[in-house]
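Worksheet: one structure, shown below.
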Amino acid sequence: MQDFPDGIFPAKGKSDIEGIFPPPYFEWFQYNEDFTEYTNLEECISYLCEYITSNGPFDGLLGFSQGATLSALLIAYQIQGKVLKELPPLKLFVSISGTKFRDPSICEVAYKDTIKVKSVHFIGAKDWLRLPSEELATAFDNPLIIRHPQGHTVPRLDEESTEKLRAWATEIIQCNNRILEKEEIKVDEEKKQDRPDKIDNQEQTTVLV
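For the sequence shown, the residue numbers in UniProt numbering are 1 to 209.
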């Protein structure tokens with residue numbers, strides 16, 4: 001299952017998608033020119049944590065631009081025990097033109113350790129956020145980086161990139177299936193001991209745009 005929550009704040013200034021999609025346009029938070037100060041970020045984090053708690057649990061997050069930047073932060077914050085403490089760990093992340101936050105108070109918590117979550121990062125050769133996107137990828141353990149010749153956009157993939165993405169997704173599915181099989185064996189053993197349990201095997205993925 002996929003879910004697509006919208007940004008919660010009206011976008012300020014001219015939108016890059018005017019003429020492609022009709023208004024209104026939204027964004028997750030606002031920031032200064034150096035990307036070191038943010039407005040409405042805490043409200044946005046609280047909203048998304050409540051959304052994930054109410055509609056999840058989810059296996060992973062996917063986002064473009066602000067959505068990817070914010071998704072990476074939520075995953076890192078969960079690992080550090082700052083948010084989503086009562087939910088299962090997020091297991092995968094798809095970043096399209098995502099970046100790291102630059103506020104030192106955020107960096108000292110979110111990126112102090114390597115983020116050990118399966119991740120794939122789409123980085124465009126003509127994207128004005130190419131270098132920051134490269135930097136975000138280095139924050140993750142063994143990231144898959146798929147480079148494309150386009151700009152700040154959701155890219156069309158060639159056959160080679162599509163195959164890389166397919167192999168990455170297949171590995172995650174197979175790993176998850178092995179975990180579920182072990183859990184099912186454990187439940188069967190508990191049932192034999194008259195200790196019935198239930199497992200919810202539904203998988204969901206939330207997408208932040």
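Ideal Cβ placement from N, Cα and C applies to all residues, glycine included.
Of the residues assessed, valine 120 falls on the buried side of the cut-off, its CB having 16 or more other CB atoms within 10 angstroms.
The alpha-carbon of glutamate 86 is positioned some 14 Å away from that of serine 46.
The C-beta of valine 154 has fewer than 16 other C-beta atoms within 10 Å across all chains shown, which makes the residue exposed. As for any beta strand (DSSP E) of minimum length 3 sitting wholly inside the region 78 to 165, the runs are 92 to 96, 118 to 124, 144 to 148, ordered along the chain.
Proline 10 has Phe26 as its beta-bridge partners, per DSSP. Put simply, of Lys91, Arg178, Ala125, Ser65 the residue whose alpha carbon is nearest the alpha carbon of lysine 100 is Ser65.
In the structure shown, the three-state DSSP call for threonine 36 is coil. For glycine 56, the three-state secondary structure derived from DSSP is coil. Nearest C-alpha to serine 133 among Pro22, Ile106, Ala68: Ala68. About 6 Å separates the CB atoms of valine 117 and leucine 90; that is less than 8 Å, so the two are in contact.
Leucine 84 and tyrosine 25 have their alpha carbons spaced roughly 28 Å apart. Beta-bridge annotation (DSSP): tyrosine 31 is paired with Tyr38. Per DSSP, reduced to three states, the secondary structure at glutamine 174 is helical.
Selection Lys191, Lys12, Phe93 evaluated against proline 143 yields Phe93 as nearest (Cα-Cα).
The beta carbon of isoleucine 145 is closer than 7 Å to those of His121, Ile123, Ala137 in its chain, skipping five residues each way along the sequence. In the same chain as arginine 130, and ignoring 5 residues on each side of it, the C-beta atoms closer than 8 Å to its own belong to Ile123, Gly124, in chain order.
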